[in-house]
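To keep things clear, I will list the structure first and then write my remarks on it.
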Amino acid sequence: MPLPDAEALCATLAEAMRPHVDPAATALVGIHTGGVWVAERLHAALGLKLPPGSMDVSFYRDDFHQRGLHANAKTSQIPFEVDGAHIVIVDDVLHTGRTIRAAMNELFDYGRPARIDLAVLIDRGGRELPIAPGFCAHALSLPAAQMLALERDADGGLSFRVIEK
135 MPLPDAEALC
145 ATLAEAMRPH
155 VDPAATALVG
165 IHTGGVWVAE
175 RLHAALGLKL
185 PPGSMDVSFY
195 RDDFHQRGLH
205 ANAKTSQIPF
215 EVDGAHIVIV
225 DDVLHTGRTI
235 RAAMNELFDY
245 GRPARIDLAV
255 LIDRGGRELP
265 IAPGFCAHAL
275 SLPAAQMLAL
285 ERDADGGLSF
295 RVIEK
């Protein structure tokens, strides 16, 4: 199965979002790691003024006690005022919805946004929670035994790879 072009999906996602964001007031928060890369692309393409944020939701996951902490956990950076803001959470692949739930829980620790939207490059289905993206560049079905990973090469180019669990 050929995988979609991640670079083209970033452009598609930016164009879908453009009519719905205020460049002076909308803030992006990418989920580590792929969501941060996508948020950086969207931030530049949309000409947003507020700096993009990033978050590692490891401590907020509902399976933290089972999975433990990843060895490469990152710190979250939210360099803007969350209270009253329009925030778009950005991730590369949406699957069960649990990562997004964790991201919203963490975001509320920083304040109370006026609105939260979700933007993803790919929705692969398999939802376990009632979470849906407001902006999605592509839908794709994969067997449960496979994961879709966004990778960035040395030149900054983005591409997808299927990983067997």
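Taking our numbering, the leading residue of the sequence shown gets 135, the next gets one more, and so forth.
For every residue, glycine included, the Cβ atom is placed at its ideal position computed from N, Cα and C.
Practice prompt. Between the Cα of Thr167 and those of Ile297, Leu284, Val296, spot the shortest distance and give me the residue it belongs to.
Written response: Leu284
Q | Simplified DSSP assignment, three categories, for Ser275 | A | coil
>> Strictly by DSSP, which residues pair up with Leu252?
In response: Ile223
Check: Does the segment 248–257 come close enough to the segment 268–283 to have 3 or more Cβ pairs within less than 8 Å?
Finding: yes
Notebook entry, point to check: Which residues mark the beginning and the end of the alpha helix (DSSP H) in which Met238 is found?
Noted result: 232–244
- [ ] Rank Thr209, Asp190, Asp196 by C-alpha distance to the C-alpha of Ile223 and give the top, closest one.
- [x] Asp190
Distance between Arg286 and Val163 (C-alpha atoms, nearest Å): 18 Å
Could you have a look at Ser210 and say whether DSSP puts it in helix, strand or coil?
coil
Q.
In the DSSP output, what is Asp257 paired with across the bridge?
A. Leu228, Ala273
Proximity of Thr160 and Ala271 at Cβ, strictly below 8 Å
no
Top-ranked residue by Cα proximity to Met135, from Gly291, Lys299, Ala278, Leu274: Leu274
| message | Extract the residue ranges of the alpha helix (DSSP H) inside the segment 152–207, only unbroken runs of 4 or more that lie entirely within it. | response | 168–180, 198–201
Whole angstroms is fine: what's the gap from Pro247's alpha carbon to His220's? 6 Å
*asked:* With H, G and I counted as helix, E and B as strand and the rest as coil, what does DSSP make of Leu282?
replied: strand
| query | Between Glu215, Asp243, Gly290, which lies nearest to Ala140 when the distance is taken from Cα to Cα? | reply | Gly290
Review point. What are the boundary residues of the beta strand (DSSP E) that includes Val296?
Key: 292–298
*asked:* Checking 8 Å against the spacing of the C-beta atoms, do Thr230 and Leu176 come in under that value?
replied: no
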